[in-house]
Amino acid sequence: MTPAQPLLALQGLTRRYAGLVAVDTVDMQVQPGGVHAVIGPNGAGKTTLFNMVSGLVVPSAGRIALNGQDVTALAPDRRAALGLGRTFQNIRVFAGMTVLENALTGLHARLHAGLLSTVLRLPRFRLEERAAVEQARAALDLVGLAGKADWRAGALSYGDQRRLEIARAMAPNPRLLLLDEPAAGMNPAETESLATLIRSLRGRTTVLLVEHDMGFVMDISDRVTVLNFGRLIYEGAPAQVRSEPAVIEAYLGHKVAARLAAGAKAGVRGAG
Amino acid sequence: MPTWLDDLLYAYQNVIHALGVNGLLALSMYVVLAVGQLSLGQAAFMGLGAYSSALMTLKLKLPFLLVLPLSVVVPVAFALAIGVPTLRLAGVYLAIATIGLGEVLRALYLNLDITGGALGLSGIPERAETWMIYGLLGAAILALWLVGRSGVGRAMEAMREDETAAQVMGVPIRRYKMGALLASAVLAGLAGCLSAHVSSFIGPNEYGFEPAVTILSYVLLGGLGTPLAPVLGAWVLTLLPELLRGFSDIRLVLNGVIIVLAVLFLPGGILPVRMRRRAA
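So the protein lines, in turn, are chains B and D.
Here our numbering is used: the first residue of the first sequence is 1047, the next is one more, and so on.
Here our numbering is used: the first residue of the second sequence is 9, the next is one more, and so on.
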């Protein structure tokens, strides 16, 4: 039996900066469906990895394939057209535009009417625009912002702006959705409702997320990849990650890891 | 037409022509700022339009109705040539590069025989009519308005707000930047041709650094909300020196003070209305 084609395949992906290897020959695959998390301590290279996948950072070496197609040399807008969506760690909604216009911008790659028919509002454009508005409203509905479609995006609360970013990325029904620290800066209640939202994306798209909040990750992920100093040190189911010595060492240092390992041998259960 | 109106139009025809031409220049600045590009090559495009069209009239004896559309050819070719390398630059670096290119052209006009050196070109027949200037200005406002309210305008506004986010959402930002630069070259080239054919004289210093900044100030004052805003800004700044003539010596100081105050207290311009987009 041949394994299903991975939705995203990274091969030897590397990014060097002067005197620093931010991401070091990472091989990784994301299978279609479900939620895949990338975790790791600060500076592990998670965001650099994301930026390479979405095309904002050019890899120093390695290949990126989306659904079997090599996209390593493609500009971000071309990758968006191939079904890649993302949100940002620091919120980047278009603050001066309305909530609906934000979601419609997410559909830009799906609009095919030419400049002339767009500008003169010919029937083809009207048809397309109407469908786009419907799709954008559906995306807003998904994140619970349908009632605020005419608000100025900058007037939304922090949590709602994060939701809007997800709606904007989800509007074109991407195959792969990258969420860059979606729970950053959220209080526990907001984090909980975000977890519910991400769970509801299951079946609509495949989610690849970067996150610091471990409880959140364990709660919603099907698979976890751990990075440390740019290297992939572990990949597996969330339940096993906690007991993996390499991961504990990356997070807590080798002394604690050694003590925990010794404790485990003596029959004492490790904390957490 | 009543005699008094005729007299008025005649007496003020220089101002009336300048209002129309500067309106076109303001729009040529507006199109690049609308996609978030601080590109200051408008005076250079204008100069290329002015010199190339003046030469077509003087040397090739072409009729004006042919010269006017052909006046965009050289500016557009120049925009295509500089677009590829300069659009990789951002912010103030792009501004410096485009100002530098303008200065290179000014040095060329000064030193080439065909452009008349420091003396410029004179004796250009005054063939541009007021209706042509305002017809083109009206057409440009309408075209930019239609683009602005469409999905293309939405993507342009997104680029202006956050270029990276817009690109990740699928907006082909390089194509949009190039399109804006070409539109800017067309508008400034036409403005250059029209101004050359109403003033009968052009010289190298009309297209250097100072006019480049003046054109920018039109849009700073007017705002970016709709295409009407920069035109209004151009009109205020064109009329101000005329209205302040009574203050003779301190006229330019007052002019500068008004611009500074406007930038400080009207960050959205004097017409900060946002374009409404009907959602289908």
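Virtual Cβ for every residue (Gly too), placed ideally from N, Cα, C.
Within the stretch 165 to 192 of chain D, E165, A166, E169, D170, T172, A173, A174, Q175, V176, M177, G178, V179, P180, I181 and R182 place their CB atoms closer than 8 Å to a CB of chain B, listed in sequence order. Here the stretch 28 to 48 of chain D lies against the stretch 217 to 236 of chain D, with 3 or more beta-carbon pairs under 8 Å apart. DSSP links B:A1055 through a beta bridge to B:Q1075 and B:A1111. Judged by DSSP in its simplified three-state form, B:T1133 adopts coil rather than helix or strand. Scanning chain B for C-beta atoms nearer than 7 Å to the C-beta of D:S158 yields T1164 and V1165, reported in chain order. When the beta-carbon positions are compared, D:M167 and D:I181 come within less than 8 Å of each other.
With the criterion set as a beta carbon lying under 8 Å from some beta carbon of chain D, the stretch 1184 to 1200 of chain B has no members that meet it. With a threshold of 8 Å between beta carbons, B:E1175 makes contact with chain D. According to the DSSP secondary-structure assignment, B:E1281 is paired through a beta bridge with B:T1271. Boundaries of the alpha helix (DSSP H) harbouring B:T1093: K1092 to S1100, taken from the DSSP string.
Along the stretch 1202 to 1216 of chain B, the positions whose C-beta sits under 7 Å from a C-beta of chain D are R1214, read in chain order. Interface criterion not met: the Cβ of B:R1061 is under 8 Å from no Cβ in chain D. Burial is judged here by how many other beta carbons sit within 10 angstroms of a residue's own beta carbon; D:K67 has fewer than 16 and is exposed. With fewer than 16 other beta carbons inside 10 angstroms of its own, D:N119 counts as exposed. Annotation: B:P1122 to D:G211 spans about 45 Å, alpha carbon to alpha carbon. Ranked by Cα distance from B:G1065, the options B:F1275, B:S1239, B:R1109 and B:A1155 are led by B:F1275.
Secondary structure note for D:T106: its alpha helix (DSSP H) is the uninterrupted segment G99 to N119. Under the rule that a run must span 4 or more residues, the alpha helix (DSSP H) segments found entirely inside the stretch 161 to 193 of chain D read 171 to 176. If you check the CB distance, B:G1152 and B:P1228 do not come in under 8 Å. Taking 8 Å as the cut-off, the beta carbon of D:S192 is found closer than this to the beta carbon of D:V40.
The beta carbons of B:V1072 and B:L1053 sit no closer together than 8 Å.
Comparing alpha carbon positions, the residue from D:Q50, D:W12, D:L13 and D:T11 closest to D:A188 is D:Q50. Within the stretch 1243 to 1258 of chain B, no residue has its Cβ closer than 7 Å to any Cβ of chain D. In this structure, the beta-carbon distance from D:G159 to B:L1157 falls below 8 Å. Using a 10 angstroms sphere on the CB of D:E214, the tally of other CB atoms reaches 16 or more, which defines it as buried. Below the 9 Å Cβ cutoff, chain D contributes no neighbours of B:E1236, its closest Cβ being approximately 22 Å away. For D:A163, the nearest beta carbon of chain B is closer than 8 Å to its own beta carbon. If you draw a 10 Å sphere on the C-beta of D:W243, you find 16 or more other C-beta atoms in it, and that means buried.
Taking a Cβ-Cβ cut-off of 7 Å, the neighbours of B:G1142 in chain D comprise E169, given in sequence order. Using a C-beta cut-off of 8 Å, the stretch 1075 to 1085 of chain B makes no contact with the stretch 1124 to 1141 of chain B, since fewer than three inter-stretch Cβ pairs fall below that distance. Across the stretch 1136 to 1161 of chain B, CB contacts with chain D closer than 7 Å involve R1138, F1140, A1141, G1142, M1143, L1146, E1147, L1150, T1151, G1152, H1154, A1155, L1157 and L1161, in sequence order along the chain. Beta bridge pairing from DSSP links D:I210 with D:L129. The beta-bridge partner set that DSSP reports for B:I1085 consists of B:V1272. Taking C-beta atoms as the reference points, B:V1270 and B:V1263 count as a pair closer than 8 Å. Excluding residues up to 5 positions away in sequence, F209 lie with their Cβ nearer than 6 Å to the Cβ of D:S130 in the same chain. Counting C-beta pairs closer than 8 Å gives three or more between the stretch 1130 to 1148 of chain B and the stretch 1198 to 1205 of chain B, which meets the contact rule.
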